[in-house]
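J.:
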Amino acid sequence: MSTLKAVRGTRDLLPPETQLWNHVEASARALFARYGFGEIRTPVFEATELFARGVGEETDIVSKEMYTWEDRARAASEKAQSLTLRPENTAGVVRAYIEHKLGETGGLQKLFYLGPQFRRERPQRGRYRQFWQIGAEVLGPVSSGSESPLRDAEVLEMLASLLDELGIRGWRLELNSVGSSTDRPRYVAALREALTPIKHRMCEDNQRRAETNPLRVLDSKAPEDQDLINSLPKIADFLDDASRDHFQQVLAALDACGVSYTVNPRLVRGLDYYTRTTFEFTVADGSGLGTQNALLGGGRYDGLSEMLGGPKAPGIGFAIGEDRLILTLQAQASYDALFRRHFDIYLAPLGKEQNAYALSLAQYLRNFWRPVLRTKGFHVEVGEGNFRLKKSFEVAEKLAPVIAILGEEERAANLIKLKEFAGGEQRVMTKEELVRYLSQNDPTLKVPGETYTDGMHEVSGRHDSVNKS
Ligand code: HAM
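Everything in the sequence shown is counted per our numbering, starting at 2 for the first residue and increasing by one.
Shown next as structure tokens:
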């Protein structure tokens, strides 16, 4: 029988790598909280129409990359419906904003999300069919200040802080303004006109884009077309005064915060909902991403809510490609310390009769309440009574600095025989003594039932586990 494998473009994430994922996610959550963002969780699939209307029929995402199926009615009360696995999450967030009437609160909504997205792209390093995004959206009625350039700059400064905090080196912020919903059609018309006499000299892809979605030509990486593309009209020359002023204010706020950036007049991005500020953060070649060097992208979408049938709700947001962020961290930094499997102690029962004693001791140590640290317990691994002592030592040495040998005698007397791998005598001790030994670096820790002072308050030590031994 042939063995089954994960579907092309999808992958399993395993420990210890998942520790790095959790570290990134915990850092992002903590940062979002500092900037006033709350978490939103939207469904993984939505009505196909949401993406067709929101992201745009002509985009690569909607025209060729979506996982779409006809969901048949299963009851008289249900209608057949075309559904799609979300290729991105901005449309879903704005749908939820409209559905839950979040605009009626009058306030600015600052929402973040974290989760898988699905695009049927050609898989390669940094490009998957199921990939993860960490994203955020800031939106609300105009009266909440949602249109302010301050919001754009705040989001960009937050991203710069996150990348710095995670230790990403050499990131580059590129940004542009693609203008308002009135600037953009004027620019697209000019672009179409400029492309007409020259498009036959371009590659096949660009000839097609010149017809269907001329903005996409600006994204093209085809080397032979670069001179022609650089000669095309620039969107900056088509911005009205309000858009130009908005962009200048974003740049001024970034300067004030010391966030470095490059204005890239060709940055238009692949989704139709963008207006005004658009941006991408990239990393230099050799940072582990190969050609997929966009770590994250985003921008303003002042008309998206109305495109989806909602009230006016200007907004700005971004999505980080978490897979790409992780690949970059792995290439740039040493996360060995984070990955090391570390236990405070390894418990080695001698004979299967000692298994239950070993497990109850592990339970006691793992759940021991450490009052001042306000955290529970120690990291404990338990062996197996059938292991020979030699094997227990071999396994334990790789995992922990000390081993507790639990033989018949120790069990009968409720004691532990402890051996440090760094040398030293074997010592026999009670479990209270063992807790003191393990918390040598934690002088504030006391065993259950004792009271102590942390300098200001008297606190009573306790532990939540039931000691059955
Ligand atoms: P996007 O540029 O399509 O924007 O995707 C954002 C990021 O997701 C990319 O920069 C990339 O890092 C990552 N990404 C995209 N496709 C893949 C893939 N196939 N494999 C791995 N990573 C991928 C959006 O999705 C917008 N919703 C961002 C946004 C939020 N704009 C406003 N608010």
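Backbone N, C-alpha and C define an ideal beta-carbon position, used for all residues, glycine too. In this text, all values refer to a predicted model and were calculated from it rather than measured experimentally.
1) For P16, is the classification buried or exposed, using 16 other Cβ atoms within 10 angstroms of its Cβ as the cut-off for buried?
2) For K418, tell me which candidate among E409, G424, M430 has the shortest Cα-Cα distance.
3) Residues in the same chain with beta-carbon distance under 6 Å from G311, minus the five sequence neighbours each way, listed in chain order, please.
4) Leaving out the 5 sequence neighbours to the left and right, which residues in its chain are closer than 6 Å to K420 when beta-carbon positions are compared?
5) So A397 and A349 are supposed to be a Cβ contact under 8 Å. How far apart are they, rounded?
6) Just confirm the distance between the C-beta atoms of D13 and W133, as a whole number of angstroms; I'd bet it's less than 8 Å.
7) Within its chain, find whatever has a CB closer than 6 Å to the CB of W172; leave out the 5 residues flanking it on each side and keep chain order.
8) Using only the alpha-carbon positions, how far apart do P449 and E26 sit?
9) Could you have a look at V25 and say whether DSSP puts it in helix, strand or coil?
10) What first and last residue would you give for the alpha helix (DSSP H) that runs through S393?
11) For the alpha helix (DSSP H) containing P1, list its first residue and its last residue.
12) On the three-pair Cβ rule with 8 Å, is the region 299-314 touching the region 257-265?
13) Please state whether DSSP places S83 in a helix, a strand or coil.
14) Mind checking whether V56 and V45 have CB atoms under 7 Å apart?
15) Can you give me the Cβ contacts of T19 inside the same chain, cut-off strictly under 7 Å, excluding the 5 residues immediately before and after it?
16) Give me, in chain order, the residues of the same chain whose beta-carbon lies closer than 7 Å to that of L112; leave out the 5 immediate sequence neighbours on both sides.
17) Considering only the beta carbon of each residue, do V383 and A357 sit closer than 7 Å?
18) Could you spell out the range, first to last residue, of the beta strand (DSSP E) harbouring A332?
19) Ordered along the chain, which non-local residues of its own chain (more than five positions away) have a Cβ less than 7 Å from that of T85?
20) For the candidate residues R210, S361, R267, whose alpha-carbon lies nearest to that of D228?
21) Does the distance from the C-beta atom of L196 to that of A211 stay below 7 Å?
22) In the DSSP output, which residue or residues are listed as bridge partners for Y114?
23) Could you tell me whether the Cβ atoms of V218 and N207 are closer together than 7 Å?
24) Report the residue ranges of all alpha helix (DSSP H) runs contained in full by the region 165-239; include only those spanning at least 4 residues, in chain order.
25) In its own chain, which residues sit with a C-beta less than 6 Å from the C-beta of I321, not counting the 5 before and 5 after it?
26) For V260, which of helix, strand or coil comes out of DSSP?
27) Quick check on the DSSP output: the alpha helix (DSSP H) that includes V108 runs from which residue to which?
28) Please classify D226 as buried or exposed, where buried requires at least 16 other C-beta atoms within 10 Å of its C-beta.
29) By Cβ distance, which residues of its chain are closer than 6 Å to T454, with the 5 residues on each side in sequence left out?
30) Here's the rule I'm using: 16 or more other beta-carbon atoms within 10 Å means buried, otherwise exposed. How should V467 be labelled?
31) Please go through the same chain and pick out, in chain order, the residues whose beta-carbon is closer than 7 Å to the beta-carbon of L151, but skip the five residues on each side of it.
32) Does the distance from the CB of R130 to the CB of T11 come in under 7 Å?
33) Compute the Euclidean distance between the alpha carbons of R170 and V264, then round it to the nearest angstrom.
34) What's the C-alpha gap between H343 and P142?
35) Work out the CA separation of L21 and Y438 for me, nearest whole Å.
T.: This is what the structure holds:
1) Classification for P16: exposed.
2) The shortest Cα separation from K418 among E409, G424, M430 belongs to M430.
3) For G311, same chain residues with a beta-carbon under 6 Å away, outside a window of 5 residues either side, are I99 in chain order.
4) Result list for K420: I404, Q427, in chain order.
5) Contact holds; Cβ gap of about 6 Å.
6) Between W133 and D13 the Cβ distance is about 13 Å, and since that is not below 8 Å, they are no contact.
7) For W172, where only same-chain residues beyond five positions count, the Cβ hits under 6 Å are L164, F282, V284.
8) Model confidence at P449 stands at a pLDDT of 49, short of 50, so the residue's coordinates are unreliable; what they give is reported in the following sentence. P449 and E26 have their C-alpha atoms roughly 35 Å apart.
9) In the structure shown, V25 sits in a helix (DSSP, three-state: H, G or I).
10) Boundaries of the alpha helix (DSSP H) around S393: 390-400.
11) Outside the displayed range of the chain (2 to 470) lies residue 1, so it cannot be described from this structure.
12) By the Cβ rule, the region 299-314 does not count as touching the region 257-265, because fewer than three pairs are nearer than 8 Å.
13) If DSSP states are grouped into helix, strand and coil, S83 belongs with the strands.
14) By the CB criterion at 7 Å, V56 and V45 fall outside the cutoff.
15) Taken in chain order, the list of residues that qualify is empty.
16) Answer for L112: F38, G39, I41, V94, A137, E138, listed in chain order.
17) No. Outside cutoff.
18) Premise fails: A332 lies in the alpha helix (DSSP H), 323-333, not in any beta strand (DSSP E).
19) So the list reads F46, E47, T49, F52, M67, Y68, T69, once near-sequence residues are dropped.
20) Nearest neighbour of D228 by Cα position, chosen from R210, S361, R267, turns out to be R267.
21) Going by C-beta atoms, L196 is nearer than 7 Å to A211.
22) Under DSSP, the beta-bridge partners assigned to Y114 are G136.
23) For V218 and N207, yes; Cβs fall inside 7 Å.
24) Taking 4 residues as the shortest admissible run, the region 165-239 contains the following complete alpha helix (DSSP H) segments, listed from N- to C-terminal end: 184-196, 205-213, 216-220, 227-231.
25) The residues are I135, L297.
26) V260 falls in the coil class under three-state DSSP.
27) Reading off the sequence shown, one finds Gly at residue 108, where the question assumed Val. It is not in any alpha helix (DSSP H) - G108 carries neither H nor E in the DSSP assignment.
28) D226 comes out buried.
29) Its pLDDT being 43, under 50, T454 is placed unreliably by the model, and the measurement read from it follows with that caveat. Excluding positions up to five away in sequence, the list is empty.
30) Confidence at V467 is low in this model, with a pLDDT of 32, below 50, so the placement of that residue is unreliable and no value is reported for it.
31) Counting only Cβ-Cβ distances below 7 Å, and skipping sequence neighbours, we find A254.
32) Cβ distance < 7 Å, so R130 and T11 count as in contact.
33) One C-alpha to the other measures close to 20 Å.
34) Whole-angstrom Cα-Cα distance: 50 Å.
35) Cα to Cα, the separation comes out at about 30 Å.
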